[in-house]
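Please read the structure below before turning to the comments.
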Amino acid sequence: MGGIMSGVGKGVTVASVGKILQSRGYKVTAIKIDPYINVDAGTMNPTEHGEVFVTEDADETDQDIGNYERFLDINIYRVNYMTTGRVYQSVIQRERNLEYGGKCVEVVPHIPEEVISRIRKAASKSKADITIVEIGGTVGEYQNILFLEAARLMHYRWPQDVLFMLVTYLPVPGTLGEMKTKPTQYAVRELNSAGIQPDFIIGRSTHELDGPRKKKISTFCNVEKENVISNPDVGSIYEVPLILEKERMSDKIIKKLGLRPRKKDLDAWRQLVAKTKRLKKVVKIGMVGKYFATGDFILPDAYLSVIESVRHAAIANGVKVEIDWLNSDAYEKDKRMVKELKKYDGIIVPGGFGKRGIEGKILAIQYARENKLPYFGLCLGMQLATIEFARNVVGLKGANSTEINPDTKYPVIHIMPDQAEKLSKNQYGNTMRLGAYPCVLDKKSLAFKAYQKNRISERHRHRYEFNNDFRVKLTKKGLLLAGLSPDKKLVEIIELPNHPFFVGTQFHPEFKSRPLNPHPLFKAFIAAAKKHSK
Ligand code: GLN
């Protein structure tokens, strides 16, 4: 659980604890609990909540699930994600089915019991030796009290098998220049009042936790000093497991759980981090999107998996990458602004919904196409590349997606029929084309060259698709349908053959890139950007 405030890197810490335990030869899985009423993250605004991460089995989850997948290099499934909405939904359903045998169904104990049974189910489904459960939100919020109660009960029942970690933040106020532990002490007191005593306290901070600070936390929070772990800011999140291991954290956890120590193997990970530190040559990537700003703050979290995929690919290509956030609104206000793209070695238009910023993105895509700038379009980015091609190469003036202009004369992107039906019934939650689908690649394509196989599987999240009525018109002018669904009915990848790298995917490749296993298309894109930078 987390103390003090959100956004301090609890998800990365959880993933890193998982990584170090996995490196000791244990099978590890991770569960995320989100305390809101939404049944899943699919209906939430990414500017507020960050990215919606899609699992193989079509769940729309929190971005932390993405962190778990990337660090642990495993697929995480629907059972590993729960929200307050989901928990209540199943308790209420069970009550309606008379499964409580006429009992009065109450918030306590029935809600925590449901939480516990979900945790156990996820653990057993993934056959994990160790299951890490991240309770979202911050200790002291009303919202997560029932989850803390579930945690307390689990410890009460299985004291040898359950341990608690608090990820807290230790501020170093500029005016003082000293690290303050008091907020952490309050957080632990708050946790104590829920009947929970942390076994480990992981201190996130701009600085290393020193001896005196550790001593203070240890004394006032009732935690052995050696179990107060320092987790300062580092250059790359992939360093965090190494930071934790510097404090021999896996040994300490294994000891506390009464497990047998096994051999360590974190070598590949260490090499990856070392390689990251050696990178010098810089490749500049522009991300043209809209979910960036809240007030005066930039929040690139909405595209977390895209950013990570770019980083994985950069490491694989031996280059350092700089990503700039380019707001497409700006190109709409002043078309000349699009020339700023000249600075970049490649641009990405990531996924998105709705009308805002669309024309600006199309201008950026046109620039990339005409100036042979590597372009990678993800989902919406593929749809807009299709529109740009239809308008400016094929000459279909006003071509559009019916999501943006329902009355367009040339609906080159249109809604999938089953999706239209769902929308007409206001069925928004978990109804898109979601999760893993197979795709067959054209042997002439760049995609085939990148994947080096012709049948792939990728994750989707969309309602609109390439309109097959325009296949002939567009391909005649040079658009390559590089990937199709096995029944050939859905266009999954488009490419431009006479361009160094112009690829649009209807799926989201970013959900499958892993640091030790970078995504082939991102790798090819960054390779093209590297070439461009020369
Ligand atoms: N809005 C588009 C659709 O629904 C694209 C979705 C996306 O980019 N994930 O098809």
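Count along the sequence shown from 1, add 584, and you get the number used in our numbering.
A virtual CB, placed ideally from N, CA and C, is assigned to each residue, including glycine.
Could you pull the start and end residues of the alpha helix (DSSP H) that residue i belongs to?
| i | result |
| --- | --- |
| W853 | 851 to 862 |
| M738 | 729 to 741 |
| C688 | Counting along the chain, C688 falls outside any alpha helix (DSSP H), and DSSP gives it neither H nor E. |
| H1103 | H1103 -> no alpha helix (DSSP H), and no H or E assigned at all. |
| A983 | Looking at the DSSP string, A983 is not in any alpha helix (DSSP H), and its letter there is neither H nor E. |
| I801 | 795 to 805 |
| P825 | 824 to 830 |
| E808 | Counting along the chain, E808 falls outside any alpha helix (DSSP H), and DSSP gives it neither H nor E. |
Please name the residue in the options whose C-alpha comes closest to that of residue i.
| i | options | result |
| --- | --- | --- |
| V824 | D1053, G1088, G787 | G787 |
| T986 | Q1003, K603, I891, K800 | Q1003 |
| A898 | L856, D851, E924 | L856 |
| T752 | R741, L1064, N815 | N815 |
| D849 | I588, V592, S1097, Y610 | Y610 |
| Y994 | K1009, E972, P1001, S1008 | E972 |
| G779 | S1029, M738, R953 | M738 |
| I719 | V867, F1091, T667 | T667 |
| F804 | E954, V772, I716 | V772 |
| I621 | V663, Y672, P630, E943 | Y672 |
| F1032 | V1087, K1009, F731, Q606 | V1087 |
| Y770 | V675, N1082, G587 | G587 |
| G936 | Q950, E954, C963 | C963 |
| G902 | I931, V867, L925 | V867 |
| Y661 | E644, P782, G724 | E644 |
| V807 | L826, L775, T790, D817 | L775 |
| F655 | V598, L750, H998 | V598 |
| D913 | L947, A900, P743 | L947 |
Return helix, strand or coil for residue i, following the three-state DSSP convention.
| i | result |
| --- | --- |
| G1088 | strand |
| A1066 | strand |
| Y959 | strand |
| P816 | strand |
| L993 | For the record, residue 993 in the displayed sequence is Lys; it is not Leu. Coil at K993, not helix or strand. |
| K868 | strand |
| M966 | helix |
| R704 | helix |
| Y661 | coil |
| G586 | strand |
| G761 | coil |
| G873 | strand |
| I838 | helix |
| M666 | strand |
| Q1078 | It is Ile, not Gln, that sits at residue 1078 in the sequence shown. Reduced to three states, the DSSP call for I1078 is strand. |
Could you check the C-alpha separation between residue i and residue j for me, to the nearest Å?
| i | j | result |
| --- | --- | --- |
| E831 | T1015 | 45 Å |
| D713 | A1112 | 42 Å |
| F784 | P693 | 27 Å |
| C688 | K594 | 37 Å |
| P1102 | F1095 | 11 Å |
| A1066 | I1077 | 5 Å |
| K711 | A614 | 12 Å |
| K616 | D646 | 8 Å |
| G650 | L1105 | 18 Å |
| G979 | T992 | 14 Å |
| N911 | Y928 | 15 Å |
| D641 | I729 | 29 Å |
| G961 | E762 | 46 Å |
| N659 | V612 | 11 Å |
Would you give the residue range spanned by the beta strand (DSSP E) that residue i belongs to?
| i | result |
| --- | --- |
| A886 | Careful: A886 lies outside any beta strand (DSSP E) and carries neither H nor E. |
| L750 | 749 to 753 |
| T715 | 714 to 719 |
| R788 | 784 to 789 |
Just to confirm, does residue i get its C-beta within under 7 Å of one of the non-hydrogen atoms of ligand 2?
| i | result |
| --- | --- |
| H1116 | Ligand 2 is not among the ligands present in this structure, which contains only ligand 1. |
Secondary structure, beta strand (DSSP E): runs of 3+ residues fully inside the segment 1002 to 1076: 1017 to 1025, 1039 to 1046, 1048 to 1050, 1064 to 1068
Inside the segment 904 to 943 only - alpha helix (DSSP H) runs reaching at least 4 residues: 913 to 917
Those runs of the beta strand (DSSP E) which lie wholly inside the segment 589 to 658 and span at least 3 residues: 612 to 618, 636 to 638, 644 to 646
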